[in-house]
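Everything below concerns the one structure shown next.
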Amino acid sequence: MTEEIIIAGFGGQGVLSMGKILAYAGLMEGKEVTWMPAYGPEQRGGTANVTVIVSDDPVSSPILSSYDTAIVLNQPSLEKFEPKVKPGGTLIYDSYGIPEPPKRTDIDVYRIDAMDAAAEMNLIKTFNMIVLGGLLKIHPVVGIDSVLAALRKTLPERHHHLIPKNEEAIRKGMEIIKKL
Amino acid sequence: MADQEITLMKGNEAIAHAAIRCGCDGYFGYPITPQSEVLETLAEQKPWETTGMVVLQAESEVSSINMVYGGASSGKKVMTSSSSPGVSLMQEGISYMAGAELPALIVNVMRGGPGLGTIQPSQSDYFQACKGGGHGDYHLIVLAPASVQEMADFVDLAFTLAFRYRNPAMILADGAIGQMMEKVVLPPFKPRRTEEEIIKECPWATTGRIGGRKPNIITSLELRSEEMEIINLRIQAKYREIEAKEVRYEEYMLDDADYAIVAFGSAARIAKKSIEIARSQGIKVGLLRPITLWPFPTEEVKSLAGRVNGILSLEINAGQMVEDIRLAVEGKVPVRHFGRLGGIIPDPDEVVEVLKSSF
Amino acid sequence: MTREEIIEKGQVVYKKPALLNDTPMHYCPGCSHGVVHKLVAEVIEEMGMTDKTVAISPVGCAVFAYKYIDVDWQEAAHGRAPALASAVKRLWPDRLVFTYQGDGDLACIGTAETIHALNRAENITIIFINNAIYGMTGGQMAPTTLLGMKTATCPYGREVSLHGYPLKMTEIAATLDGTCYVTRQSVHSVAAINRAKKAIRKAFEYSMQGKGSNLVEIVSTCNSGWKMSPEKANKWMEENMFEFYHLGDLKDTGAVK
C-alpha cells in the first residue's frame with residue numbers, strides 16, 4: 001500500500017501540521033512516511049502545501065507529479081492540484097474557501113464543510129483535524145488511535161488537555177464528509 | 001520504541017541530533033534558509049548541559065568557518081552548516097583547512113543560485129563542493145545524503161573519514177532533504193572524547209604543550225616553494241588513497257537495465273520514482289547513485305558504459321556531475337543531462353519523457 | 001665556544017625568556033614586534049602556562065610569530081584570529097588563549113571578528129600591534145594611519161576626503177560590554193616596556209579568571225615602513241602617534257568584580 005497525498009491551502013489553516021500528524025501516525029504504525037513541505041516565506045494568508053506519502057515500502061520520490069488524494073482548502077490550490085489527481089483518485093475540498101467547485105468526473109470528489117463545522121463547534125483551531133477525520137473516513141490510511149497517539153507525541157504537554165477536542169473534531173469530520 | 005529512538009523529523013533536525021549523539025565537540029554557524037533548523041535544534045536541545053558540546057551562533061559564515069578552523073586545529077570534533085551563499089563565504093576558510101589538513105564537517109543544504117538566488121532546493125554547488133571551491137589544489141570528502149536517515153548517518157561517517165584522513169568533509173544536501181520529514185532511527189549516543197583521547201588521537205593538534213612536548217603549529221603557510229611542493233605532493237598522495245578506498249555508491253535495478261540514470265541526493269529519489277514509471281511502460285532503466293561525490297565512483301560509471309545504451313545524468317542544476325560521468329565513460333556511450341533550475345525540482349514524469357526522447 | 005662558556009656563572013644580568021627560541025627573527029631592526037614577543041613569552045613563562053597556551057598568529061608581519069615563541073600556535077586567515085580564539089577557548093576553557101594581530105588584520109579586514117569576539121566576552125586576550133601601516137606588504141595605508149601620514153597607497157599623505165579618518169579600535173572596544181580590560185601601551189622606553197608587560201599579564205590573568213575579553217594595544221613603530229631610523233621612529237611616534245592614540249588604561253572592570 002502506498003498513499004500519495006497533497007494537502008494545500010492557506011498558511012495558518014494548519015495544512016503543514018495536519019500533514020505532520022498524518023505522517024507521525026503512519027510512523028507509529030511502522031509505515032514508511034515522507035512529509036515534504038513547499039517551504040518558503042509562507043505567512044498567514046499565503047499559500048502552503050505539503051506532500052505526505054505513507055507506504056508499506058521505502059518511499060522513492062518525495063516530490064510527485066500526481067497524487068492519489070488531494071485535499072484542497074482554497075481556490076488557488078484547487079486550480080493547481082485538481083489536474084494532478086491520478087485518474088480514479090480522490091479529491092477532498094472545503095466549499096468555504098472554494099466558490100467554484102471541482103469539475104473532473106474521472107475522480108472521486110468529496111466535500112467537507114469543515115470550516116462551518118469548526119465554527120459551529122466553536123473549535124476553529126481544530127479545523128484541520130476535522131478535515132483529517134474526513135480523509136480517514138474514506139481512506140483509512142492510518143487508524144484514529146494512531147492519530148491520537150501522534151497528537152500526544154507531537155503536542156507539547158501543556159496542550160494535551162486539547163486532545164479530546166481534537167478527537168471530537170476528527171469524529172465530526174468522519175461524520176460530515178460527503179461524496180458528490 | 002524508546003530504545004530504538006525511531007522518530008519523525010526534518011533532515012536539518014536529524015543533522016543536529018546526530019551531531020550531539022556522535023560526540024561532536026562544537027558547532028559554529030550562522031542562520032540561512034533552508035538550513036536554519038540545524039542551529040535552532042541545537043539551541044533547543046542545549047547539548048552544553050548534557051554532552052558538553054559547544055554551540056555558538058557566529059557573526060557571519062566567515063567567522064563560523066574560522067571558528068571551525070580553530071576548533072579543528074585543537075583536535076576537537078567540530079562542524080558548521082550553511083546553505084549555498086553562506087558556503088561561498090566559507091571557501092577561504094575551507095581552503096585553509098584543506099591546506100593545514102584539518103578534520104572537520106561542513107554541511108551545505110543547497111539552494112538555487114547564482115548570487116542570492118532562491119531559497120528553494122538545488123544541486124548547483126556540485127562544482128564548488130567537488131572541484132575545489134576555494135583556491136589551491138585540494139579536495140573535500142563529499143557525501144550526498146538522499147534521505148533524512150542518511151542525513152543522520154552521514155554525520156558520524158563524515159567525522160570518521162575526516163579524522164581518518166585529516167581532511168575536511170562535506171555533507172552536500174539540498175533544501176528538499178533538509179526540509180522534509182521522514183522516519184529516522186537516531187544513532188546511539190557516543191561519548192565525546194576525553195582530553196587524553198584527543199591528545200592520543202591527534203598528536204598534531206594545538207592542545208597546549210601537555211607533558212612538555214615540542215610546540216605544535218597549525219598553518220597552511222610555507223614560503224619556500226620546494227617545501228610547498230613537497231606538502232602538496234603529500235596531500236595529493238592522500239587524495240589518491242581516498243579515491244582508492246572510500247568510494248561509496250548505491251545501485252538500483254541496474255542488472256537488466258538498458259539505460260542508466262546517474263543521480264545523487266534528492267534527484268536520486270526522483271529517479272527511483274521515474275524508474276518505476278518507466279519500467280511500467282516497458283523501458284528498463286536503473287540507477288547508479290554516487291554517495292561519495294568526491295571521491296567520484298569513476299570506475300563504476302565507467303563499467304556502465306559496457307552495460308547500457310545510454311546514461312542520463314539527472315541533476316537539479318544546469319549540468320555539473322555530467323562532466324565527471326563523461327570523463328568516466330570516455331565517449332563509449334551517449335551521456336545526456338537533464339535538470340531544472342532556479343529551485344524547481346524535476347518531476348518524475350518529465351524525467352521519463354526526457355529518457356524517452358534522449359536515446 | 002658556547003654561550004654558556006662565554007658567560008661566567010653569576011655574571012648574567014639579562015637573558016631572554018626560555019620560551020623565546022633562538023630562531024633569528026625576520027623583523028626589521030628597530031621594530032617593536034621583537035620586544036612585544038619577549039614580553040608575551042615572559043608572561044606565559046611567569047604564569048606557568050607554557051604547556052597550556054594556545055596562541056593565534058595573524059596575517060601580517062607577525063604571521064611567523066609561531067616560529068619564535070615555543071607554545072602551540074594556529075596561523076589564522078587574515079583578520080580571523082579572534083574567531084579561532086573564540087572556538088579554542090570555548091572548547092578548551094582551561095587554556096590560555098590569545099591572538100597577536102596587527103592593525104590591518106584586526107582593525108580592517110577582521111573588524112567584525114574583533115568586535116564580536118570582544119563583545120561576546122570571550123575569555124581571551126587580543127594583543128594589538130598598531131604601527132599605523134601595513135608592514136609586510138611594503139608600507140601601505142592602514143585603518144590606523146594618521147591624517148597627513150604618507151604611505152605607499154597615500155603617497156601625498158592621508159586625507160579625510162580621500163581616505164576617511166584613522167580608526168580608534170581600542171576606544172570602540174572599551175565601549176563594549178563584553179570587554180574587561182582595555183588598555184593602550186607602548187614599548188619605546190624601559191618604563192613603557194615594564195608597563196606593557198604588566199598590562200599583558202593583567203589581561204592574561206583576567207582571561208584565565210573568566211572575566212571577559214581583553215585588548216592590549218601596543219602603539220608601535222615601523223621604522224622601515226615609516227622610512228626612518230629606529231631612533232627617529234621612536235621620537236616620531238612619541239610626537240605624533242601618542243597625540244592621537246593616548247596611552248593608558250581605557251577600561252578595567254576586572255579588579256572590582
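Heads up: the sequence lines are chains A, B and C, in that order. Going by my numbering, the letters in the first sequence line up with residues 1 to 180, in that order. Going by my numbering, the letters in the second sequence line up with residues 1 to 359, in that order. Going by my numbering, the letters in the third sequence line up with residues 1 to 257, in that order. Glycine residues also receive a C-beta, built at the ideal position from the N, C-alpha and C atoms. Nothing here was measured: the structure is a model prediction, and the numbers come from that model.
Quiz item: Is residue 80(B) near residue 74(C), with beta carbons less than 7 Å apart?
Solution: The answer is no: Cβ separation not under 7 Å.
Exercise. Note down, in chain order, all residues in the segment 100-120 of chain B with a beta-carbon under 7 Å from any beta-carbon belonging to chain C.
Key: Against chain C - using a Cβ distance shorter than 7 Å - the segment 100-120 of chain B contributes no residues.
Quiz item: Residue range of the beta strand (DSSP E) that residue 238(B) falls in?
Solution: Careful: residue 238(B) lies outside any beta strand (DSSP E), inside the alpha helix (DSSP H) at 225-245.
Self-check item: Closer than 7 Å to chain A by CB, residue 2(B)
Solution: Annotation note: pLDDT 41 at residue 2(B) (below 50); position unreliable, coordinate value reported separately. Taking a beta-carbon distance threshold of 7 Å, residue 2(B) does not count as an interface residue toward chain A.
Practice problem: Can you have a look at residue 1(B) and say buried or exposed, based on whether 16 or more other CB atoms are within 10 angstroms of its CB? | Solution: Per-residue confidence for residue 1(B) stands at a pLDDT of 37, beneath the threshold of 50, marking its modelled position as unreliable; the derived number appears in the next sentence. That one is exposed.
Self-check item: the segment 54-82 of chain C: positions lying closer than 9 Å to chain B by Cβ
Solution: Going along the segment 54-82 of chain C in chain order, one finds 54, 55, 56, 57, 59, 63, 64, 66, 67, 69, 70, 71, 72, 73, 74, 75, 76, 77, 78, 79, 80, 81, 82 with a Cβ nearer than 9 Å to chain B.
Exercise. Tell me residue 239(C)'s beta-bridge partners as DSSP assigns them.
Key: As far as DSSP is concerned, residue 239(C) takes part in no beta bridge.
Self-check item: Between the CA atoms of residue 127(A) and residue 148(A) - distance to the nearest angstrom
Solution: Answer to the nearest angstrom: the Cα atoms are 16 Å apart.
Quiz prompt | chain B contact for residue 7(A) (CB, 7 Å cutoff) | solution = Not one chain B Cβ lies under 7 Å of residue 7(A).
Quiz prompt | Beta-carbon neighbours of residue 274(B), restricted to chain C and to distances below 8 Å | solution = Those within 8 Å of residue 274(B) in chain C number zero; the least Cβ separation is about 44 Å.
Quiz item: Taking Cβ positions only, does residue 227(C) come closer than 7 Å to chain B?
Solution: Chain B, which has no Cβ nearer than 7 Å to the Cβ of residue 227(C), makes this no.
Quiz item: Between the segment 50-57 of chain C and the segment 85-102 of chain C, do at least 3 Cβ pairs fall closer than 8 Å?
Solution: Cβ pair count under 8 Å is three or more, so yes.
Practice problem: Please list the residues of the segment 84-116 of chain C that have a C-beta atom closer than 7 Å to any C-beta atom in chain B, keeping them in chain order. | Solution: So the close ones are 84, 85, 86, 87, 88, 90, 91, 92, 95, 112, 113, 116.
Self-check item: chain B within 7 Å of residue 27(A), Cβ atoms only
Solution: Answer yes: the Cβ-Cβ gap between residue 27(A) and chain B drops below 7 Å somewhere.
Exercise. Would you tell me roughly how many angstroms separate the C-alpha atoms of residue 94(C) and residue 44(C), rounded to the nearest one?
Key: Residue 94(C) and residue 44(C): Cα-Cα distance of roughly 14 Å.
Exercise. Please check if any C-beta of chain B sits within less than 7 Å of the C-beta of residue 52(C).
Key: Among the CB atoms of chain B, one or more fall inside 7 Å of the CB of residue 52(C).
Practice problem: Keeping to the same chain, check which residues put their C-beta closer than 6 Å to that of residue 87(B); ignore five residues upstream and five downstream. | Solution: Here the set comprises 108.
Quiz item: By a C-beta neighbour count over all protein chains shown, 10 Å radius and 16 as the cutoff for buried, is residue 241(B) buried or exposed?
Solution: So residue 241(B) ends up on the exposed side.
Self-check item: Nearest to residue 286(B) (by Cα), restricted to the options 147(B), 269(B), 167(B)
Solution: Comparing Cα positions, the closest option is 269(B).
Quiz prompt | chain C contacts from the segment 201-215 of chain B (Cβ-Cβ distance under 9 Å) | solution = Residues 205, 206, 207, 208, 209, 210, 211, 212, 213, 214, 215.
Exercise. Could you give the DSSP three-state label for residue 82(C): helix, strand or coil?
Key: Reduced to three states, the DSSP call for residue 82(C) is helix.
Quiz item: Going along chain B in order, which residues have a C-beta closer than 8 Å to the C-beta of residue 34(A)?
Solution: Under the 8 Å cutoff, chain B gives 180, 181, 182.
Quiz item: Which residue from 118(A), 65(A), 79(A), 92(A) puts its Cα closest to that of residue 138(A)?
Solution: Its Cα nearest to that of residue 138(A), the residue 92(A) stands out among 118(A), 65(A), 79(A), 92(A).
Quiz item: Of all the beta strand (DSSP E) runs that stay within the bounds of the segment 135-186 of chain B, which reach a length of 3 or more residues?
Solution: Counting whole runs of 3 or more residues, the segment 135-186 of chain B contains the beta strand (DSSP E) stretches 141-143, 168-174, 181-185.
Quiz item: When the distance is taken between beta carbons, is residue 27(B) closer than 7 Å to residue 61(B)?
Solution: The Cβ atoms of residue 61(B) and residue 27(B) do not sit closer than 7 Å to each other.
Practice problem: Go through the segment 11-40 of chain B residue by residue and report every complete run of the alpha helix (DSSP H) that reaches 4 residues or more, in order. | Solution: For the segment 11-40 of chain B, whole alpha helix (DSSP H) runs of length 4 or above, ordered along the chain, are 11-21.
Quiz item: Under a CB-based cut-off of 7 Å, is residue 342(B) close to chain A?
Solution: At least 7 Å separates the CB of residue 342(B) from every CB of chain A.
Exercise. Starting from residue 89(B), trace the alpha helix (DSSP H) both ways and give me its first and last residue.
Key: It spans 84-89 - the alpha helix (DSSP H) in which residue 89(B) sits, taken as one unbroken run.
Quiz item: When DSSP labels each residue in this structure, what does residue 2(B) get in the three-state scheme?
Solution: Legend: pLDDT at residue 2(B) = 41, less than 50; position of this residue unreliable, value from coordinates given subsequently. Coil.
Self-check item: Status (buried if at least 16 other CB within 10 Å, exposed otherwise) for residue 105(A)
Solution: When all chains shown are included, residue 105(A) counts as exposed.
Exercise. Could you check which residue in 200(B), 231(B), 234(B), 190(B) has the C-alpha nearest to that of residue 50(B)?
Key: The option with the nearest alpha carbon to residue 50(B) is 190(B).
Quiz item: Grouping DSSP H, G and I as helix and E and B as strand, with all else coil, what is residue 142(A)?
Solution: Coil, per DSSP.
Quiz prompt | residue 50(A) - containing beta strand (DSSP E), residue span | solution = Where residue 50(A) is concerned, the enclosing beta strand (DSSP E) stretches over 47-55.
Exercise. Determine contact between the segment 64-71 of chain A and the segment 84-99 of chain A, defined as no fewer than three beta-carbon pairs at a distance below 8 Å.
Key: The segment 64-71 of chain A, when compared against the segment 84-99 of chain A, does touch it at the 8 Å Cβ threshold.
Exercise. Determine the closest residue to residue 346(B) out of 326(B), 298(B), 313(B), with distance taken between C-alpha atoms.
Key: Checked all of 326(B), 298(B), 313(B); the closest Cα to residue 346(B) is 313(B).
Self-check item: Within the segment 71-154 of chain A, ranges of the beta strand (DSSP E) (whole runs, at least 3 residues)
Solution: Correct list: 85-93, 108-111.
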